[in-house]
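For reference, the structure is listed below as structure tokens.
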Amino acid sequence: MSKQFDVIVIGGGPGGYIAAIRAAQLGFNTACIDEWKNSKGGPAPGGTCTNVGCIPSKALLQSSEHFDHAGHHFADHGIGLKDLSIDIAKMLGRKDTVIKQNNDGILYLLKKNKVTFFHGRGSFVAAAAPGAAGQANGVYEINVAGVASEVISGKHIIVATGSNARALPGVPFDEENILSNDGALRIPAVPKKLGVIGSGVIGLEMGSVWRRLGSDVTVLEGLPTFLGAVDEQIAKEAKKAFDKQGLKIELGVKVGEIKNTKKGVSIAYTNAKGEAQTLDVDKLIISIGRTANTIGLNPEAVGLKLDERGMVVVDDDCKTNLPNVWAVGDVVRGPMLAHKAEEEGVAVAERIAGQHGHVNFNTVPWVIYTSPEIAWVGQTEQQLKAAGRAYRSGSFPFLANGRARALGDTTGMVKMLADAATDEILGVHIVGPFASELIAECVVAMEFRASSEDIARICHAHPSLSEATKEAALAVDKRTLNF
Ligand code: FAD
Ligand code: NAI
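Here the sequence shown stands for residues 23 to 505, where the numbers follow the numbering used here.
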């Protein structure tokens, strides 16, 4: 007889492994299946996030930022350095160690929480009788294809199979010259010239890493606006900073033929003025978004409904069209963010337990880990205008913040938007140092439906960057104290 579980989670990324841990905490006999392999063929749970996403990109951003500071900012502090160099192999090795620490940490957490881990590919079994296809006696049968194959069964299935990089039609990733996020994280030597297609989150983060290390980086973006989803004023400020750093961003381009030669990559494109151009680079990163991953899941076997883009169709509660089959994270609608996937995973486990799990999409923060960092929560000024909502806006520049001056990093601002009548905070937008950390206070405030006055009346430590948030709140009422 096959092994029986209350809950089987397919996928061990942040959506899946967190869902499995929460389900086990709630008393369910839980299994988690993940197929990611490390370089030795062993299990490497954590998904895109841990292996080729959030964690390795932040490791490289940190290394390259140290290099950039040593080369360009240490002198301001009176620190002299001779013969500054970078050992790329060591930098990549450190990144791999950080990945492994996370893989091992997740395996430990699964064990600690008594989740049974299966290393292999999970797929719905084609036909099982009696009952609906693949669903025998009220349970789903899942084939696990690992070193050996076995079929396990579960009452509830949570699909958390994540996403893959989207390729340009006819331009496959070879991960040598034409790179997805995977190859972009393991370029063995600093490319003299690096091309990036797409000035979204990955393009800016990975473009920044290699620019800081010495590459001449050109980013080609199809849209005429820079970071269209970001508050316009913040995006403009960020663009100014990137221009100053020498990150070349061309907007409104139309990419044509891409030739991958042994020597490098040649990209034909039309610029915003309609002029034909060619960009020759050593390496090309293509970061034009991601597609839901259901490869190998065999959704057809049970009639699991996908939309026209290949995403698993779910309702607001992450329920699919099949009874007791749920889906979370990048494989479903909504922002492709690790923390969104985690929140959905927790909520689904709690719903299975009859609780009222909840994800508030209005307060999911976004962070772009460039320098300056960009972070926001809630609505942008352009969204409020389009919705005809009356609002008040207040902003405070880091230039006027004592801690930012001491850090030597005064780029950017905090901008707060509040309802004109009730003063409820509707959005906060930050570009500047440690925006990724500063945004947490704003998320809490919005989750508790705070007013800008609430933030303005809270005592913030001095000197701290968070004082800029307090001052932005004061600015909503036109009464900043330090500007
Ligand atoms: P995934 O992390 O993709 O995990 C899915 C897992 O399921 C994988 O391990 C996969 O191998 C496994 N799997 C798939 N099919 C099967 C199957 N049939 N059987 C068994 N296993 C299967 N988000 C942030 O919030 N912050 C960041 O800083 C950030 N940085 C990023 C940087 C990069 C370069 C990239 C590419 C992404 C980044 N993201 C970031 C996005 C983040 O990685 C994803 O939103 C997140 O990983 C989604 O989690 P998930 O669990 O839905 O899917
Ligand atoms: P993205 O959606 O952020 O950006 C893609 C960009 O490519 C857009 O600006 C789009 O207009 C442009 N584009 C699309 N097709 C194009 C074409 N043919 N020619 C030129 N430009 C084109 O996608 P990206 O950067 O690939 O990242 C995928 C997702 O991964 C992000 O949306 C985000 O959800 C997640 N991520 C999150 C991070 C974070 O939270 N810090 C970091 C990295 C990724």
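Backbone N, C-alpha and C fix where the C-beta goes; we use that ideal spot for every residue, glycine too.
Inset, instruction - Check whether the segment 398-412 touches the segment 225-232, counting contact only when three or more Cβ pairs, one atom from each stretch, lie closer than 8 Å. - result: no
Inset, instruction - Just the C-alpha distance for Val287 and Ile164, rounded to the nearest angstrom, thanks. - result: If you number the sequence shown from 1, residue 287 lands on position 265. If you number the sequence shown from 1, residue 164 lands on position 142. Looking at the two C-alpha atoms, the distance is approximately 43 Å.
Legend entry - Cutoff 7 Å; reference Glu364; Cβ partners in own chain excluding five residues on either side: Indexing the sequence shown from 1 puts residue 364 at position 342. Around Glu364: Pro36, Gly37, Ile40.
Inset, instruction - Take every Cβ of the segment 441-451, pair it with every Cβ of the segment 464-482, and state whether three or more of those distances are shorter than 8 Å. - result: yes
Inset, instruction - Could you pull the start and end residues of the beta strand (DSSP E) that Tyr413 belongs to? - result: Here residue 413 refers to the residue found at position 391 of the sequence shown. First-last of the beta strand (DSSP E) with Tyr413: 413-419.
Legend entry - Residues that DSSP places opposite Trp388 in a beta bridge: Translated into the one-based positions of the sequence shown, residue 388 becomes position 366. DSSP, once it has assigned bridges, lists Trp398 as partnering Trp388.
Legend entry - CB of Leu245 within 9 Å of CB of Leu273, strictly: Numbered from 1 along the sequence shown, position 223 holds the residue referred to as residue 245. Numbered from 1 along the sequence shown, position 251 holds the residue referred to as residue 273. Contact: yes.
Legend entry - Length-filtered (3 minimum) beta strand (DSSP E) runs lying within the segment 261-330: 270-272, 276-282, 287-292, 298-303, 305-308, 312-314
Legend entry - Limits of the beta strand (DSSP E) - the one that Trp348 falls within: For this step, residue 348 is matched to residue 326 along the sequence shown. Run containing Trp348: 347-349, per the beta strand (DSSP E) assignment.
Legend entry - 9 Å Cβ cutoff met for Asp56 and Gly69: As a first step, residue 56 is located in the sequence shown; it is residue number 34 there, counting from the start. As a first step, residue 69 is located in the sequence shown; it is residue number 47 there, counting from the start. Yes, Cβ-Cβ distance for Asp56 and Gly69 is below 9 Å.
Inset, instruction - May I ask you to report which of helix, strand or coil DSSP gives Thr72? - result: Locating residue 72 in the sequence shown gives position 50, counting from the first residue. Three-state DSSP puts Thr72 in a helix.
Legend entry - Expected contact under 8 Å - CB spacing of Val353 and Asn203 to nearest Å: In the sequence shown, the residue the question calls residue 353 occupies position 331. In the sequence shown, the residue the question calls residue 203 occupies position 181. In fact, because the Cβ distance is near 17 Å, the residues do not count as touching under 8 Å.
Inset, instruction - Using 10 angstroms around the beta-carbon of Ala150, count the other beta-carbons present and answer buried if the total reaches 16, otherwise exposed. - result: The residue labelled residue 150 in the question sits at position 128 within the sequence shown. Low per-residue confidence applies at Ala150: pLDDT is 48, beneath 50, and the placement is therefore not dependable, though the value from the model is reported in the following sentence. Answer is buried; the Cβ neighbour count reaches 16.
Inset, instruction - Within 10 angstroms of the Cβ of His178, are there 16 or more other Cβ atoms? Answer buried if so, exposed if not. - result: Position 156 of the sequence shown, counting from 1, holds the residue named residue 178. Counting Cβ neighbours within 10 Å, His178 comes out buried, since at least 16 surround it.
Inset, instruction - Pick helix, strand or coil for Asp90, following the three-state DSSP scheme. - result: Start at 1 with the first residue of the sequence shown, and residue 90 comes out as number 68. Helix.
Inset, instruction - Drop a sphere of 10 angstroms on the beta-carbon of Val169, count the other beta-carbons inside from all chains shown, and report buried for 16 or more, exposed for fewer. - result: What you label residue 169 is simply residue 147 of the sequence shown in a count that begins at 1. With fewer than 16 Cβ atoms within 10 Å of its Cβ, Val169 is classed as exposed.
Legend entry - Residues that DSSP places opposite Lys341 in a beta bridge: As a first step, residue 341 is located in the sequence shown; it is residue number 319 there, counting from the start. Partner(s): Trp348.
Inset, instruction - Assign Ser171 to one of two classes, buried (16 or more other C-beta atoms within 10 Å of its C-beta) or exposed (fewer than that). - result: In the sequence shown, counting from the first residue as 1, residue 171 sits at position 149. Exposed, since its Cβ has fewer than 16 Cβ neighbours within 10 Å.
Inset, instruction - Could you pull out every unbroken alpha helix (DSSP H) segment of at least 4 residues lying fully inside the segment 194-222, listed in chain order? - result: 203-206
Inset, instruction - Leaving aside the five residues before and after Gln299 along the sequence, list all residues of the same chain whose C-beta is less than 6 Å from its C-beta, in chain order. - result: Here residue 299 corresponds to residue number 277 of the sequence shown, with the count starting at 1. Excluding positions up to five away in sequence, the list reads Tyr291, Asn293.
Inset, instruction - Taking only heavy atoms of the ligand FAD into account, decide whether any of them is closer than 8 Å to the Cβ of Ser145. - result: Stepping through the sequence shown from its first residue, residue 145 is reached at position 123. At least one heavy atom of the ligand FAD is nearer than 8 Å to the Cβ of Ser145, so yes.
Legend entry - Beta-carbon proximity of Gly454 to Val465, cut-off 9 Å: Here residue 454 corresponds to residue number 432 of the sequence shown, with the count starting at 1. Here residue 465 corresponds to residue number 443 of the sequence shown, with the count starting at 1. Not a contact, by the Cβ cut-off of 9 Å.
Legend entry - Ala149 - DSSP class collapsed to helix/strand/coil: As a working mapping, residue 149 is identified with position 127 in the sequence shown. Residue placement at Ala149 is flagged as unreliable, the pLDDT there being 45, under the threshold of 50; the coordinate-derived value follows with that caveat. Reduced to three states, the DSSP call for Ala149 is coil.
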